[in-house]
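Enquirer: UniProt numbering puts the sequence shown at residues 1 to 244.
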Amino acid sequence: MAKKQLGLRQLKLLFVKLALSLFLMSIVWVLLYRWVAPPATLHMLKRRAEAGAAAKEHPEIKYDFVPLEEMSPQLPLAVVASEDQKFLQHHGFDFDAISDAFARNQEGGKIRGGSTISQQVAKNVFLWHGRSYLRKAVEAYFTVLIEVLWGKQRILEVYLNIAEMGDGVFGVEAASQAYFNKPAKDVGRMQAALLAAVLPNPIKYSARRPSGYIFTRRVRIARAMGRLGGTNYIKEILPPEDEK
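(1) With a threshold of 8 angstroms, are at least 3 pairs of Cβ atoms found where one atom belongs to the region 173-188 and the other to the region 211-218?
(2) So residue 246 is in the beta strand (DSSP E); what residue range does that whole segment cover?
(3) For residue 195 versus residue 78, is the C-beta spacing smaller than 8 angstroms?
(4) Among 185, 190, 207, 209, whose alpha-carbon lies nearest the alpha-carbon of residue 73?
(5) Using a Cβ-Cβ cutoff of less than 7 angstroms, which residues in the same chain neighbour residue 190 once the five nearest sequence positions on both sides are dropped?
(6) Taking residue 27 as the reference, give the member of 144, 165, 81, 171 with the closest Cα.
(7) So if DSSP puts residue 233 in a beta bridge, which residue, or which two residues, is it bridged to?
(8) Which stretch, first to last residue, makes up the alpha helix (DSSP H) that contains residue 142?
(9) Are the region 112-127 and the region 155-164 touching by the rule of at least three beta carbon pairs closer than 8 angstroms?
(10) From residue 231 to residue 225, what distance separates their C-alpha atoms?
(11) Between the beta-carbon of residue 149 and the beta-carbon of residue 11, is there less than 8 angstroms?
(12) Please name the residue, chosen from 56, 65, 95, 118, that lies closest to residue 141 on a Cα-to-Cα basis.
(13) Report buried or exposed for residue 25, applying the criterion of at least 16 other Cβ atoms within 10 angstroms of its Cβ.
(14) Check whether the region 203-211 touches the region 57-72, counting contact only when three or more Cβ pairs, one atom from each stretch, lie closer than 8 angstroms.
(15) Put residue 111 into one of helix, strand or coil per three-state DSSP.
(16) What does a CB cutoff of less than 6 angstroms around residue 153 pick up in its chain, not counting 5 residues either side in sequence?
(17) For residue 215, which three-state DSSP category applies?
(18) Taking the DSSP output, what are the residues bridged to residue 63?
(19) Quick one: grab the DSSP three-state call for residue 46.
(20) When the Cα atoms are used, what is the spatial distance from residue 242 to residue 70?
(21) At which residue ranges does the region 65-92 contain complete beta strand (DSSP E) runs of 3 or more residues, listed in the order of the chain?
(22) With a threshold of 8 angstroms between beta-carbons, can residue 47 be considered close to chain C, or not?
(23) What are the boundary residues of the alpha helix (DSSP H) that residue 123 is part of?
If you want it as structure tokens, here you go:
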């Protein structure tokens, strides 16, 4: 009996050590990416593998991380207006949007998401894509971590750099160069709205050859940008150079 209790105690101790190690590793990982650009994401690697398997002529991933200072302020405004208008108010989770998405999904039809920009960053930077309860739980954990350890400015900066904006095109710099032949810092309001318009499904929709639906969505996003008050709406998280 004593040996059995000792073995159980050792097993519990091993579990605690493992859990603590994973916790500390996650903290270090998140803190590292607070200052260092993610070299790639699992989703990028997946897209690269799919392109290779399909024997595409140009299977490489276009990804060029640039700081917020080197982006037009219209770009962060466009994605906030399009993806998460309460980004500055919530602490990682928009429970009204989650509740609304759940209610709509119960009605059937197309599955709708209620993810915030913070949740999308947590998923795309640290995790794999999927719909399991385990992945959602880990996503929630990393969402809390980046909200606490990064802050809104870094979260938005990383999102704008790792968001998929076309087949093999990730981030606003690569997208601006590919679609507008200009750097992200020179993108205008309607171009920023166009990039945001394809975010729901950047493989189905194209910023290079926009459909009527994307043109309509672009106009709606541009109007939303204006209703929010323009770049003044996100002034508190813009770099000092953009505040002047």
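The beta-carbon is built from N, C-alpha and C at its ideal position, and this holds for glycine as well.
Expert: Walking through what the data contain:
(1) no
(2) Because the chain here runs from 1 to 244, residue 246 falls outside it and cannot be looked at.
(3) Along the sequence shown, read from residue 1 onward, the residue named residue 195 stands at position 195. Along the sequence shown, read from residue 1 onward, the residue named residue 78 stands at position 78. In contact: residue 195 and residue 78 (Cβ atoms closer than 8 angstroms).
(4) Within the sequence shown, the letter at position 73 stands for residue 73. Shortest Cα-Cα distance from residue 73 to any of 185, 190, 207, 209 involves 185.
(5) As a working mapping, residue 190 is identified with position 190 in the sequence shown. Here the set comprises 218, 222.
(6) One-based indexing of the sequence shown puts residue 27 at position 27. Checking every option, the nearest Cα to that of residue 27 belongs to 144.
(7) By 1-based counting over the sequence shown, the position of residue 233 is 233. Bridge partners of residue 233: none, in fact.
(8) Sequence index remark: in the sequence shown, residue 142 carries index 142 (1-based). Its alpha helix (DSSP H) spans residues 133-149.
(9) yes
(10) Indexing the sequence shown from 1 puts residue 231 at position 231. Indexing the sequence shown from 1 puts residue 225 at position 225. So the alpha carbons of these two residues sit roughly 8 angstroms apart.
(11) Counting from one through the sequence shown, the residue named residue 149 turns up at place 149. Counting from one through the sequence shown, the residue named residue 11 turns up at place 11. No. Outside cutoff.
(12) Residue mapping note: residue 141 aligns to position 141 of the sequence shown, counting from 1. Comparing Cα-Cα distances from residue 141 to each of 56, 65, 95, 118, the minimum goes to 118.
(13) As a working mapping, residue 25 is identified with position 25 in the sequence shown. Residue 25 sits exposed, since fewer than 16 C-beta atoms from the chains shown fall within 10 Å of its C-beta.
(14) No: fewer than three Cβ pairs fall under 8 angstroms.
(15) The count along the sequence shown starts at 1 and reaches residue 111 at position 111. Any reading at residue 111 needs caution, since the residue's pLDDT is 49, under 50, leaving its predicted position unreliable; the model's value is listed next. Coil at residue 111, not helix or strand.
(16) In the sequence shown, the residue the question calls residue 153 occupies position 153. Same-chain partners within the cutoff: 237.
(17) Reading the sequence shown from its first residue, position 215 is the one you call residue 215. Three-state result, residue 215: helix.
(18) Against the sequence shown, residue 63 aligns to sequence position 63. Note: residue 63 sits in a beta bridge opposite 170.
(19) Position 46 of the sequence shown, counted from the first residue, corresponds to residue 46. Helix at residue 46.
(20) As a position in the sequence shown, residue 242 is number 242, starting the count at 1. As a position in the sequence shown, residue 70 is number 70, starting the count at 1. Bear in mind that a pLDDT of 43 at residue 242, under 50, signals an unreliable position, so the model cannot answer this.
(21) Taking 3 residues as the minimum length, the region 65-92 contains no beta strand (DSSP E) run wholly inside it.
(22) The structure shown contains no chain C; it is built from a single protein chain.
(23) Here residue 123 corresponds to residue number 123 of the sequence shown, with the count starting at 1. Where residue 123 is concerned, the enclosing alpha helix (DSSP H) stretches over 117-126.
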